[in-house]
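**Student:** My questions all concern the structure below.
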Amino acid sequence: MTSQSAATLRSRYVAQAASDLEENRRRQQELAERLSVLKQEEALLSDILNLAERYEDFADAARLPEQLQDEPVVAKAKKTSTGAATRRSTPAKSTPTGKAAKADTKEKSQQPLLGDLLAELLGQYKEPRLAKELRDELLEKHPDRNPTPQVVRNTLESLVAKGRIRRHKQQRSVMYTLVETDAADSSSD
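Numbering (this note's numbering) for the sequence shown: -10 to 178.
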């Protein structure tokens, strides 16, 4: 083997080793980024589990604290991700007892359910309405209520599932109409 061929062989090995080292470092960087994303997902899922454990005693949404009914689950999970440990150590919202509990229950029962309000609004129209339009009208007619757009959509979908309203898809839009009670009554006979 000549010195020239040995030098050529050596330079190939050096180039290959440098290339392999560069590829190795690139893959390490990718894996480090993926690990960071997985840690963030783990923290979010852990917060969701903590939240679920915290409210597992509530059998239905009607028993949840009023504030939490109008708040989407994702927003609650994001809130807890910043301070889940500190919130867990604080006691849950205290419930009033005696006369205060009865007054609180009366006050809540006087406020109509969001689904009933949305159905009432839909009943005023013959043509399908967008969830955004219904929410805007709800905010205008009931300024004391301020549900998020997602809560309105979820409530509308709940009404669809119960057969109280009908969903219409037009291209990328989803619109809703009230199911007429005469048609619903005659179909159940």
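Beta carbons are placed, not taken as given, at the ideal position from N, Cα and C, and that holds for glycine. Predicted model only: the values in this text are computed from it and were never measured.
(1) Among the residues of its own chain, which have a CB less than 7 Å from the CB of S147, if the five just before and after it don't count?
(2) With a CB to CB cut of under 7 Å and the five nearest residues on each side skipped, what residues in its chain are close to R1?
(3) Roughly how far, in whole angstroms, is the beta-carbon of L111 from the beta-carbon of L167, given that I think they are within contact range, below 8 Å?
(4) Using the beta-carbon count (16 or more within 10 Å), is T144 buried or exposed?
(5) Helix or strand or just coil, what does DSSP make of Y44?
(6) Quick one: which unbroken alpha helix (DSSP H) runs of 4-plus residues sit fully inside the stretch 93 to 163? Chain order, please.
(7) With DSSP as the reference, identify every bridge partner of L167, one or two as the case may be.
(8) In its own chain, which residues sit with a C-beta less than 8 Å from the C-beta of V3, not counting the 5 before and 5 after it?
(9) So, with DSSP's three-state summary, where would you put T(-9)?
(10) Using alpha carbons as the reference points, say which of P117, T137, Q139, N135 lies closest to R156.
(11) Would you grab the beta carbon distance between L123 and L107 for me? Rounded to a whole angstrom, and I think it's under 8 Å.
(12) By a C-beta neighbour count over all protein chains shown, 10 Å radius and 16 as the cutoff for buried, is R(-1) buried or exposed?
**Tutor:** The structure says:
(1) G104
(2) none
(3) 4 Å
(4) buried
(5) coil
(6) 103 to 112, 120 to 130, 138 to 150
(7) I154
(8) none
(9) coil
(10) P117
(11) 6 Å
(12) exposed
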